[in-house]
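In what follows, a single structure is set out as structure tokens and then discussed.
In our numbering, the protein residues as written are 156 to 1236.
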């Protein structure tokens, strides 16, 4: 058997196991793949047919060379194929019986039919069987296949020669990518299998169709068989190519959709366009326009290389210039001179510090650039990101739902980006335009290092813009550059003249005053000192003065009194431009806006979709009636109501915020505009400029803002929670479904409640009850689609298990709403913590690491314990106490740290976890009748086992040994013995074990300890580990524990426990009494 055939079979087994598991779960993916268009009976038929197709592939004859070095591996693969066929036949038989049953009864859903065919025990047994098949494949075959893949041999195989050229290239990319192949072997193995199957099926089909045609043509046309054979081969190749081209294009679209993000183009579009006739000098020779020397930009576009750095002071117009360059027809025309006959690719990215996470991060930069380059070079996708391409191609072939599911790590994107740059510059010229390096939400040196490392690549040039930070000056200052504030004097003059002389009253003033009006213009331009933002704000102030009938003396005084520094100008706007009557309203609006931004960052991490506050949402939050959210009816607003509401809010922003907050994408409407024209309910509210954010959010400045609401019961999060409820009440149901925006709004509402709780406010409690009521009403209208409580569905469409029986109390636990829980428990009275399904305490301690928001909450756990929750209550296979220890380990060691660093998820720190463990321990010590907590009941991934395992491995070398069949230490293990475990951790573990022993735990009970690979676990008596970890390194600290253990009679009889371990015939008592002996001595 050749490696390609083996990989193809392995891929088919993976597909079968995954497909079988989805059937047993009644997976929503299967429903999505048919767009919900089939009846349950038809769907059963489709699934049975798909299983039969997989079974046919598994029945293909396998020829094994008994003399091959890999004979054993291929035989194991053959055995797996037989086992998969048997499992598939069982599944098919059940589905066929279900179809017959379905003729006499109506299934409401595919899932209901599956639950009828198998009871829970049968499902678990078959699922376990499928899991074992997959595990055997992973352990015994895929690892071996990785080492047997010989790319050179594959290229000379007959099967490889039979593939179309483009298929060969893709196949080699999937195989000749060692790191990626090792990491994503499942996806790439499946893709290899699908590519081979599809191409060969097409070849067979086309061969059958044309065989008779060949004979007829030879007879009719008198063409030789050799001549016509070449024609047929060309036709075969063309048909195969056309057939696969469509699938490749669809896979490419999936990849681009997953790389893209909603706000990828927003920043460029939101940057103010250049005023007419400004910045045109950038494409002209230096001598025509410069007040000071600068490097000719046009010459750099035509003949230069490396980087061109546009730098300038804050507010000098760098982003506007970059937009002008990117959108000008001159740019590609000049770059084409550089490219000559080579294909030219232009990509751009605009950082924005006030924008979404992707707009200000390196991940967003790389996703955008990789997306744009691959869009222009689609043939590179399987070569650059083979694992991502493999998943996309597989979903296309299997007609799976197109919902994006990729999570791109920074490391993965960086590797792909560098590889892509090197590959694409081999055949084309590439120019990157990157605006706002200083707006990157990280260290400036990271951006400087990234682009410096790229600057020497042939056929690549990069235009960058930023403030003149030291890191950028050191990296790019010696190359081609310009300082923008030194070059915009005439541009600013043009802007001031146009804006003022377009005003009717200023024209009249200029006729009367003559030279004084021109002097005013000149002083404004000079005072601006190259800062465009300053002059824009000052001109706006002068226009307001003109509307108030200011004369030339008034305008000159305005100009003199306005500070020339931006920060001082903002301070003047905040304290003088906002009338005293509106100061409090301004403070409220600023606080609501900033609170919404903070919560939006949290929601963005969960939903990966930004939702900045809109004009309508702000108008609801700023509603003066304190009970509006409770009293408003559940019904959509009319268009007129929305327009009046938003028009009023727009006016408030203008009157109260002095222009420091504005609406996205456009200036405010002119005075006299009707509400219907002015209102834009979905317009996003934002800071006027990055410098406004920097100024307002300085601690001292922010303190002066909030003083206007000090001493009052003001909570911006409560106001935002009211806004969320009003938005939900006003939403329309689309086609009988709850729109995603409603679930997103719900997530915001719960986050606002959490932030209010953190501020020790209880004002959110009646609002949370109203939220529950509103969603129960809305979801209740279409309950047949959303069975159970609405909380099953709000998490970005991720449906939670029905058997959990979720409710509002569950959400209170998950979001840390202690005040709400206490309030509800006192309402309930007796046994308030009881609920059907999953216990409340279990939610508090066992949430999955990758959906974890805020870590474990000691306050929530204390509230639950106070009201009678039982830490020993078993749900499925674990208890809350065991899960708390499990989480504690995962936080302390690698998994949580890695995930927190990659995705920015907020986690509890170690002190919180220690507090939680202490609360449980104290509760158990003070309680009677509570179920005892045994060591043996704690799962293999729990804190104390893993913590001991970590240090046990460090001191005995378990991690370097596959199994101790001979009971002897290997030579390499001596090196590991020198590693000393952390004292603080050991002391905590000693304390933990003392607590266990105090409460009746048996020290002879065993822990599962990892031996070698993650899948290889062995039972080890606790006493072995206690000695090897504690006593060896810290005898004094562990003396009390050893003394306590020696007092326990059960330590003397441990033969039965260890009798099954050939390498460990020594009893725990003997082990403890022979401290100096090594574990395997």
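Each residue gets a CB set at the ideal place from its N, CA and C atoms; glycine is no exception. Small disclaimer: the values here were computed from a predicted structure and weren't measured.
**Request:** Confirm, please, whether the CB-CB distance from residue 947 to residue 961 is below 8 angstroms.
**Result:** Contact flag set, yes.
**Asked** Whose C-alpha, out of 480, 429, 475 and 473, is nearest the C-alpha of residue 453?
**Response** 480
**CA-to-CA distance, residue 802 to residue 790, given in whole angstroms** = 21 angstroms
**Message:** Could you compute how far the alpha carbon of residue 601 sits from the alpha carbon of residue 508?
**Reply:** 16 angstroms
**Asked** By how many angstroms is the C-alpha of residue 428 removed from the C-alpha of residue 621?
**Response** 18 angstroms
**Item:** residue 647 - DSSP class collapsed to helix/strand/coil
**Value:** helix
**Prompt:** Just reading off the beta strand (DSSP E) that residue 620 is part of, what are its end residues?
**Reply:** 615-621
**Item:** Contact the stretch 861-869 vs the stretch 752-760: 3+ CB pairs below 8 angstroms
**Value:** no
**Prompt:** Is it buried or exposed for residue 175, if we count other Cβ within 10 angstroms and need 16 for buried?
**Reply:** buried
**Prompt:** In the DSSP assignment, what residue or residues form a beta bridge with residue 638?
**Reply:** For residue 638, which the question treats as bridged, DSSP gives the partners 466.
**Message:** According to DSSP, is residue 927 part of a helix, a strand, or is it coil?
**Reply:** DSSP places residue 927 in helix when its eight states are reduced to three.
**Inter-stretch contact (C-beta, 8 angstroms, three-pair minimum) for the stretch 611-628 and the stretch 543-554** = Contact between the stretch 611-628 and the stretch 543-554 is absent, because fewer than three Cβ pairs lie under 8 angstroms.
**Message:** For a minimum of 3 consecutive residues, which ranges assigned as the beta strand (DSSP E) are wholly contained in the stretch 834-895?
**Reply:** 840-842
**Asked** Is the beta carbon of residue 121 sitting closer than 8 angstroms to the one on residue 522?
**Response** Examination of residue 121 is not possible in this model, given that the chain is present from 156 through 1236 alone.
**Request:** Decide if residue 970 is buried, meaning its Cβ has at least 16 other Cβ atoms within 10 Å, or exposed.
**Result:** buried
**Prompt:** Cβ atoms of residue 578 and residue 605: under 8 angstroms apart, would you say?
**Reply:** no
**8 angstroms Cβ cutoff met for residue 1036 and residue 1027** = The answer is yes: Cβ separation under 8 angstroms.
**Request:** Use the C-beta contact count for residue 935: other C-beta atoms within 10 angstroms, 16 or more gives buried, fewer gives exposed.
**Result:** exposed
**Request:** Just the C-alpha distance for residue 671 and residue 470, rounded to the nearest angstrom, thanks.
**Result:** 28 angstroms
**Request:** Determine the burial state of residue 723: buried for a count of at least 16 other Cβ atoms within 10 Å of its Cβ, exposed for fewer.
**Result:** exposed
**Message:** Applying the 10 Å Cβ sphere with the 16-neighbour rule, what's the burial state of residue 597?
**Reply:** By the neighbour-count rule (16 or more Cβ atoms within 10 Å), residue 597 is not buried but exposed.
**Request:** Look at the alpha carbon of residue 231 and the alpha carbon of residue 1000, and state the distance between them as a whole number of angstroms.
**Result:** 41 angstroms
**Prompt:** Where does the unbroken alpha helix (DSSP H) through residue 604 begin, and where does it stop?
**Reply:** 599-609
**Whole-angstrom distance between residue 1029 and residue 835, CA atom to CA atom** = Their Cα atoms are separated by approximately 53 angstroms.
**Burial state of residue 520, where buried means 16 or more other Cβ atoms lie within 10 Å** = buried
**Request:** Using a threshold of 8 angstroms, state whether the C-beta atoms of residue 580 and residue 612 are closer than that.
**Result:** yes
**Prompt:** Do residue 838 and residue 818 have their CB atoms nearer than 8 angstroms?
**Reply:** yes
**Message:** Can you give me the C-alpha to C-alpha distance between residue 944 and residue 957, rounded to a whole angstrom?
**Reply:** 9 angstroms
**Asked** With contact counted as at least three CB pairs below 8 angstroms, one residue from each stretch, are the stretch 710-718 and the stretch 485-501 in contact?
**Response** no
**Item:** Proximity below 8 angstroms, CB of residue 919 to CB of residue 725
**Value:** no
**Request:** Spatial neighbours of residue 586 within its chain, please: CB distance less than 6 angstroms, with the 5 preceding and 5 following residues excluded, ordered by chain position.
**Result:** 490, 501 and 616
**Request:** Express the C-alpha separation of residue 172 and residue 372 in angstroms, rounding to a whole number.
**Result:** A caution first: residue 372 carries a pLDDT of 44, below 50, which makes its placement in the model unreliable, though a value can still be read off. Near 47 angstroms, if we compare the C-alpha coordinates of residue 172 and residue 372.
**Prompt:** Hey, would you say residue 744 sits closer than 8 angstroms to residue 816, going by beta carbons?
**Reply:** Contact: yes.
**Anticipated Cβ contact below 8 angstroms, residue 871 with residue 982, distance rounded** = Residue 871 to residue 982, Cβ: 28 angstroms. No contact.
**Asked** Is the distance from the Cβ of residue 528 to the Cβ of residue 575 below 8 angstroms?
**Response** yes
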